[in-house]
Amino acid sequence: MKKTIQEVIVVEGRDDTKRLREVFPDVSTIETRGSAINEEIIEKIALAQEKRGVIVFTDPDFHGEKIRKIISQNVPGVEHAFLPRTEARPEKAGGSLGIEHAKPAAIVQALEHLLTQDEEADEQISQSDLLTAGLIAGADSKRRRELLGEILHIGYTNSKQLYKRLKMFQVTQAEFGAALLQIKQELGD
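Residues 1 to 189 in the UniProt record's numbering are what the sequence shown spells out, letter by letter.
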């Protein structure tokens, strides 16, 4: 991973910026300060995208996904980095998931696997494929989705959003199949 990042990284708050600067001292960030993103923040992100490019790197939770969706709808072409939920857990019980809790190696790995959204992408994986793979029904379907998100670097999604996320980031049958093999090995299937 390069020691400097050209793009501007969109994060949720100053603790996220602080953590990123521990890993990349010269990184530029835009802080959304929550999921109620105003027009001024969208304009800053759009300008940054035009000038330098933007990486959306939000917490792996409901609010982080909401922010991601708002930015993607308003600023096309941004890149996305996803931190696995397991890497975003606080040391103290009861805290919320967040980039600020991640170890430097997890941050570097997330930023090495950037994805660009394509709403017009052709279907590579069907709902039937997801059902057959045990990703949308079954006792351990949630764990399978968590592992799939980690392996493919697309973040965690619930069963309703998984199909859309796979299509949006153009996950191929080959990538999907390889990930399923890893999941089977991990779960001992």
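Glycine is no exception: its CB is placed at the ideal position from the N, C-alpha and C atoms. Source: prediction; values computed, not measured.
Residue i, enclosing alpha helix (DSSP H) - first and last residue
{"i": "Ile30", "result": "No alpha helix (DSSP H) holds Ile30; the beta strand (DSSP E) holding it covers 28 to 31."}
{"i": "Ile99", "result": "It is not in any alpha helix (DSSP H) - Ile99 carries neither H nor E in the DSSP assignment."}
{"i": "Gly149", "result": "141 to 152"}
{"i": "Ala174", "result": "173 to 187"}
{"i": "Ala137", "result": "Looking at the DSSP string, Ala137 is not in any alpha helix (DSSP H), and its letter there is neither H nor E."}
{"i": "Gly64", "result": "62 to 74"}
{"i": "Ala88", "result": "Looking at the DSSP string, Ala88 is not in any alpha helix (DSSP H), and its letter there is neither H nor E."}
{"i": "Ala46", "result": "39 to 51"}
{"i": "residue 195", "result": "Missing from the structure shown is residue 195; the chain here goes from 1 to 189 and no further."}
{"i": "Gln161", "result": "159 to 168"}
Cβ-based burial, residue i [other Cβ within 10 Å; buried from 16]
{"i": "Phe62", "result": "exposed"}
{"i": "Leu181", "result": "exposed"}
{"i": "Met1", "result": "Because the pLDDT at Met1 is just 46, under 50, the model does not fix this residue reliably, and the value given afterwards should be weighed accordingly. Classification for Met1: exposed."}
{"i": "Pro60", "result": "buried"}
{"i": "Arg52", "result": "exposed"}
{"i": "Pro25", "result": "exposed"}
{"i": "Pro90", "result": "exposed"}
{"i": "Ala179", "result": "buried"}
{"i": "Asp122", "result": "exposed"}
{"i": "Ile154", "result": "buried"}
Contact belief for residue i with residue j at Cβ below 8 Å, rounded distance in angstroms
{"i": "Gly77", "j": "Gln109", "result": "Not really, about 23 Å apart at Cβ, beyond 8 Å."}
{"i": "Ile125", "j": "Gln173", "result": "7 Å"}
{"i": "Ile37", "j": "Ile67", "result": "6 Å"}
{"i": "Asp129", "j": "Gln170", "result": "With a Cβ gap of about 15 Å, Asp129 and Gln170 do not count as contacting."}
{"i": "Val11", "j": "Ala46", "result": "Going by Cβ atoms, the distance from Val11 to Ala46 rounds to 17 Å, so no, they are not a contact pair."}
{"i": "Val27", "j": "Arg21", "result": "6 Å"}
{"i": "Ala81", "j": "Ile55", "result": "5 Å"}
{"i": "Phe57", "j": "Ile5", "result": "That belief does not hold up - the Cβ atoms of Phe57 and Ile5 are roughly 10 Å apart, past 8 Å."}
{"i": "Leu183", "j": "Arg144", "result": "For the sequence presented, residue 183 should be read as Ile rather than Leu. Going by Cβ atoms, the distance from Ile183 to Arg144 rounds to 6 Å, so yes, they are a contact pair."}
Residue i: first and last residue of the uninterrupted beta strand (DSSP E) it sits in
{"i": "Ile9", "result": "8 to 11"}
{"i": "Val56", "result": "54 to 56"}
When the options are compared against residue i, the one with the closest alpha-carbon
{"i": "Glu7", "options": "Glu112, Gly155, Ala179", "result": "Glu112"}
{"i": "Ala133", "options": "Asp189, Arg165, Thr17", "result": "Asp189"}
{"i": "Pro104", "options": "Val10, Lys51, Lys18", "result": "Lys18"}
{"i": "Asn158", "options": "Lys167, Glu146, Ile151", "result": "Glu146"}
{"i": "Met168", "options": "Glu12, Leu47, Glu79, Ala139", "result": "Glu79"}
{"i": "residue 199", "options": "Leu187, Gln127, Arg89", "result": "Any question about residue 199 goes unanswered here, given that the chain covers just 1 to 189."}
{"i": "Arg14", "options": "Gln127, Thr29, Phe24", "result": "Thr29"}
{"i": "Ile71", "options": "Phe176, Lys44, Gln185, Ala178", "result": "Lys44"}
{"i": "Glu150", "options": "Asp16, Gly138, Leu166", "result": "Leu166"}
Per DSSP, cross-strand counterpart(s) of residue i
{"i": "His80", "result": "Val56, Leu115"}
beta-carbon residue i near the ligand NAP non-hydrogen atom, thresh 8 Å
{"i": "Ala179", "result": "Questions concerning the ligand NAP fall outside what the structure shown contains, since it holds no ligand whatsoever."}
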